[in-house]
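Scroll down for the structure; my scribbles are underneath it.
Protein chains: 2
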Amino acid sequence: MNLAPGYVSSLVRRLRQKEWILEGSRVPSRRGRRKVLLHINPDLAHVIGVEIGRINSRIVVTDLSGTVLSFKKLRSELSRGEGPVLNCIHHEIKDCLKRDHNIRAIGISHSGVIDHATGTVLFWPKVTGWRDVPLKQIFEKEFGLTLILEDSARTTAIAEQRFGYGKGQTNFIFVHAGVGIGAAIFVDGGLYLGHDGVAGELGHITINETGPLCSCGNRGCLEVYASGGAIIEQVRLGIDQRGVSSLAGLAENNFGSLSIESIVSAAESHDRLCETALTDAGTHLGTALAGIVNLLNPARIVLGGTLPQAAKDLLTDPLLRSLRRRAFQRSLSRLEIDVSKLGEEAAAVGACLLAAEQILEGMCTAENVNEKEGFPQIVGG
Amino acid sequence: MNLAPGYVSSLVRRLRQKEWILEGSRVPSRRGRRKVLLHINPDLAHVIGVEIGRINSRIVVTDLSGTVLSFKKLRSELSRGEGPVLNCIHHEIKDCLKRDHNIRAIGISHSGVIDHATGTVLFWPKVTGWRDVPLKQIFEKEFGLTLILEDSARTTAIAEQRFGYGKGQTNFIFVHAGVGIGAAIFVDGGLYLGHDGVAGELGHITINETGPLCSCGNRGCLEVYASGGAIIEQVRLGIDQRGVSSLAGLAENNFGSLSIESIVSAAESHDRLCETALTDAGTHLGTALAGIVNLLNPARIVLGGTLPQAAKDLLTDPLLRSLRRRAFQRSLSRLEIDVSKLGEEAAAVGACLLAAEQILEGMCTAENVNEKEGFPQIVGG
Chain Y
1 MNLAPGYVSS
11 LVRRLRQKEW
21 ILEGSRVPSR
31 RGRRKVLLHI
41 NPDLAHVIGV
51 EIGRINSRIV
61 VTDLSGTVLS
71 FKKLRSELSR
81 GEGPVLNCIH
91 HEIKDCLKRD
101 HNIRAIGISH
111 SGVIDHATGT
121 VLFWPKVTGW
131 RDVPLKQIFE
141 KEFGLTLILE
151 DSARTTAIAE
161 QRFGYGKGQT
171 NFIFVHAGVG
181 IGAAIFVDGG
191 LYLGHDGVAG
201 ELGHITINET
211 GPLCSCGNRG
221 CLEVYASGGA
231 IIEQVRLGID
241 QRGVSSLAGL
251 AENNFGSLSI
261 ESIVSAAESH
271 DRLCETALTD
281 AGTHLGTALA
291 GIVNLLNPAR
301 IVLGGTLPQA
311 AKDLLTDPLL
321 RSLRRRAFQR
331 SLSRLEIDVS
341 KLGEEAAAVG
351 ACLLAAEQIL
361 EGMCTAENVN
371 EKEGFPQIVG
381 G
Chain F
1001 MNLAPGYVSS
1011 LVRRLRQKEW
1021 ILEGSRVPSR
1031 RGRRKVLLHI
1041 NPDLAHVIGV
1051 EIGRINSRIV
1061 VTDLSGTVLS
1071 FKKLRSELSR
1081 GEGPVLNCIH
1091 HEIKDCLKRD
1101 HNIRAIGISH
1111 SGVIDHATGT
1121 VLFWPKVTGW
1131 RDVPLKQIFE
1141 KEFGLTLILE
1151 DSARTTAIAE
1161 QRFGYGKGQT
1171 NFIFVHAGVG
1181 IGAAIFVDGG
1191 LYLGHDGVAG
1201 ELGHITINET
1211 GPLCSCGNRG
1221 CLEVYASGGA
1231 IIEQVRLGID
1241 QRGVSSLAGL
1251 AENNFGSLSI
1261 ESIVSAAESH
1271 DRLCETALTD
1281 AGTHLGTALA
1291 GIVNLLNPAR
1301 IVLGGTLPQA
1311 AKDLLTDPLL
1321 RSLRRRAFQR
1331 SLSRLEIDVS
1341 KLGEEAAAVG
1351 ACLLAAEQIL
1361 EGMCTAENVN
1371 EKEGFPQIVG
1381 G
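Protein chains in written order, with the working numbering: chain Y, 1 to 381; chain F, 1001 to 1381.
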């Protein structure tokens, strides 16, 4: 850092006095005394991470290193409409703040379309309501804390980079396949956001120009073929048309309880319709990923989200067959593909990591370091 | 750079004495004397750039800034086989070296599949012969100069970044459409190479899973629909089957002179077959680029290579229609698309820029700066 050794010593002393940094283990040095590793005190602040999901919402509190201190899961019940859902989240955040006075920032993970500049959910595909919801503004005003709003595929990817198969990877792609399909692309260790911050719409690359209509208005998008939504639709149609499935009984309540999990479970018991739906989805996903592998030549692809995490080999076997058939050997030879092993709290933890990053950035300003007392100001809040 | 002002002054004095750097214009300073801009002496060394193309080869000599000092174009005549072609290139390089004793490195641009680690052309799609040609080894041994071998789409893209529509752009994509289709992806101002150095195979992303066979062995790759090769094939088939085209006469000599240029020229005279072939290609290219725009959200796309540069609006009008229909509005709203205006020497000039970069990297080592005399050693040669 080109700082005089004496200045560094005094800086470290001040930071240790304030308990912003802690001494870690001692490691051998090439000469002289053994080196002492310093790290930021993870309990300097805590953060809340909320994933507002289509079916469940999850609230976690973590320290600055992303270690989970508390976790709660509740049904989102989106059918109640946006107001009651937000009220419920509001209540949960308030509850966390009451129990932990060290919380300094909030991260929210949402799978809708986000305007990052204002922290607004513009709309939420396949969910009615949720038009132009200024989430950042609402909660920042309410709680007086910095709030970060980010896409769920990205927050999950950030957790994957810190704790999962993305750890230590510089060029990797996290594919999030749930109701929809998204991706987070890491280049040189950083999340690639794109010119307008909206990179990663993997679900809307065309794999069949003349294919069926997609919810985005185009034809033959990957999402029409390989998303959780597409699989459910394929099984529903199959039962409607032919009725030959162990899940046929679900037609009675209008397929209300037809889910990826029930389809995977039926496929595991060799229900042909469900097996085929998962195989087809895997094959199509492999086609799209072959294109991505040819174009971006990543070191690793991590598959996350409900679909790969529930379906495992039922999805990944046909996916790998299709990928290996279609991608160039020289891009494939060293490529690694894994299904994420992170738990269901990943998206909320990723939101915490983003919130923690804001706090740490605030701490890094020299003014803050030199201040005698008080908690670091948060930059960009 | 955290260097003492006195040290910088003495360093600059030494570098100026050696004429490694030159004084440029004077610009106003906020206080004190006007600042003098320093720049590297572009004539410190010259470099040769060779593009070995399917039809023509081009040899340029440039200074370190990429300014062209000489340019020569000759028919590649690949049908003679690899040996005679390389002999001819060898002769041309020798000729340049005889005329310019300041040449210090060679850049070669080739559209075959390259092993960057060894500087070998592994194979050349659609060209017979050219298996495992160790170009770097052959020419380095022969001339005793550092040689850089790089893919033509990439060298053209590097020229585009220095002199064309990529200038000043940090996140942009250069699409090269000629006989095949390739891309160079720039992230944060640098060329993104991928984990194995083979990123950019845009021609082999699938736009139609069940489409026709591609030379790569798969079905429905973009290249089957939208490359110069695909357009020529579509016109040839059209004439064979229906014969209704102003180019029908070319069937007599087995379509030997059927080219993108002749097809564009016929389309400009409203030859329906040729118009349709170009419109179809543009539409398919737009579909693929929509996927790329959704996935990577670039600031700009520059279209280069024979196809867009010859066909212009005949290709780009349908391309833009298809792209606008398929890509998300929020990725499109600020996107700029241009057809490259660089001349046919672009690929060779890009190869020169890569060679010059190697020389400059060698100059930047402190050892070299402190040496009293002699030309900077080249690092990584």
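Each residue gets a CB set at the ideal place from its N, CA and C atoms; glycine is no exception.
Exposure of Gln-1241/F is indicated by the presence of fewer than 16 other C-beta atoms within 10 angstroms of its C-beta. Fully enclosed beta strand (DSSP E) runs of no fewer than 3 residues occupy 1103-1110, 1113-1115, 1120-1123 of the region 1084-1145 of chain F, in order along the chain. Leaving aside the five residues that flank Gly-1190/F on each side, none in its chain has a CB nearer than 8 Å to its CB. Pairing Ser-76/Y with Ile-108/Y gives a Cβ-Cβ distance that is not under 8 Å.
When C-beta distances to chain F are compared with 9 Å, the residues of the region 200-234 of chain Y below that value are Gly-200, Glu-201, Leu-202, Gly-203, His-204, Ile-205, Thr-206, Ile-207, Asn-208, Glu-209, Thr-210, Gly-211, Cys-216, Gly-217, Asn-218, Arg-219, Gly-220, Cys-221, Leu-222, Tyr-225, in chain order. The Cβ neighbour count for Arg-13/Y, taken over all protein chains shown within 10 Å, is under 16; the residue is labelled exposed. CA-CA distance, Leu-1064/F to His-1046/F, rounds to 6 Å. DSSP, reduced to helix, strand and coil, places Ser-57/Y within a strand of the structure shown.
DSSP links Lys-73/Y through a beta bridge to Arg-58/Y. At a Cβ-Cβ threshold of 8 Å, Ile-231/Y and Ile-260/Y count as neighbours.
Listed along chain F, the residues sitting closer than 7 Å to Tyr-192/Y by beta-carbon distance are Val-1187.
For Ala-226/Y and Ala-288/Y, the gap between their C-alpha atoms comes out near 10 Å.
Taking C-beta atoms as the reference points, Ile-263/Y and Ala-248/Y fail to come closer than 8 Å. In this structure, the straight-line span from the alpha carbon of Asp-1151/F to that of Asp-188/Y is close to 22 Å. One finds His-204, Ile-205, Thr-206, Asn-218 in chain Y with Cβ atoms closer than 9 Å to the Cβ of Ala-1290/F, taken in chain order. Ala-1184/F sits buried, since 16 or more C-beta atoms from the chains shown fall within 10 Å of its C-beta. Cβ-Cβ distances below 6 Å link Leu-145/Y to Ala-105, Ile-106 in the same chain, with the five nearest sequence neighbours on each side left out; the list follows chain order. For Tyr-192/Y, the three-state secondary structure derived from DSSP is strand.
Residues of the region 1146-1168 of chain F with a C-beta less than 7 Å from any C-beta of chain Y: none at all. Non-local C-beta neighbours of His-1090/F in its own chain, meaning closer than 7 Å and more than five positions away in sequence, comprise Glu-1142, ordered along the chain.
Residues of the region 326-340 of chain Y with a C-beta less than 7 Å from any C-beta of chain F: Arg-326, Phe-328, Arg-330, Ser-331, Arg-334, listed in chain order.
The beta carbon of Ala-356/Y lies closer than 6 Å to those of Val-47, Leu-64 in the same chain, with the five residues before and after it left out.
For the C-beta of Val-198/Y, the chain F residues within less than 9 Å are, from N- to C-terminus, Asn-1294, Asn-1297, Phe-1328, Arg-1330, Ser-1331. Taken through DSSP and simplified to helix, strand or coil, Ala-199/Y comes out as coil.
Annotation for Trp-130/Y: Glu-82, Gly-112, Val-121, Phe-123, Trp-124 place their beta carbon closer than 7 Å to its own, counting only its chain and skipping 5 residues before and after.
Contact annotation: His-1195/F and Gly-1305/F have beta-carbon atoms that are not nearer than 8 Å. Looking at the DSSP output, Asn-208/Y bridges to Asn-1208/F. Against Asn-1171/F, the close residues of chain Y are Gly-194, His-195, in the order they occur along the chain (beta-carbon pairs closer than 8 Å).
Shortest Cα-Cα distance from Ser-57/Y to any of His-110/Y, Asp-43/Y, Trp-20/Y, Ile-138/Y involves His-110/Y.
The criterion of a C-beta distance shorter than 8 Å is not satisfied by Glu-275/Y and Ala-281/Y. Of the other Cβ atoms in all chains shown, fewer than 16 fall within 10 Å of the Cβ of Thr-1118/F; this residue is therefore exposed. When CB distances to chain F are screened at a threshold of 8 Å, the residues of the region 263-289 of chain Y falling below it are His-284, Thr-287, Ala-288, in chain order. Contact between the region 305-318 of chain Y and the region 157-168 of chain Y is absent: fewer than three C-beta pairs spanning the two stretches fall below 8 Å. Counting other Cβ atoms within 10 Å of its Cβ, Ser-10/Y stays below 16 and is therefore classed as exposed.
Between the alpha carbons of Ala-1347/F and Val-1339/F lies a distance of about 15 Å.
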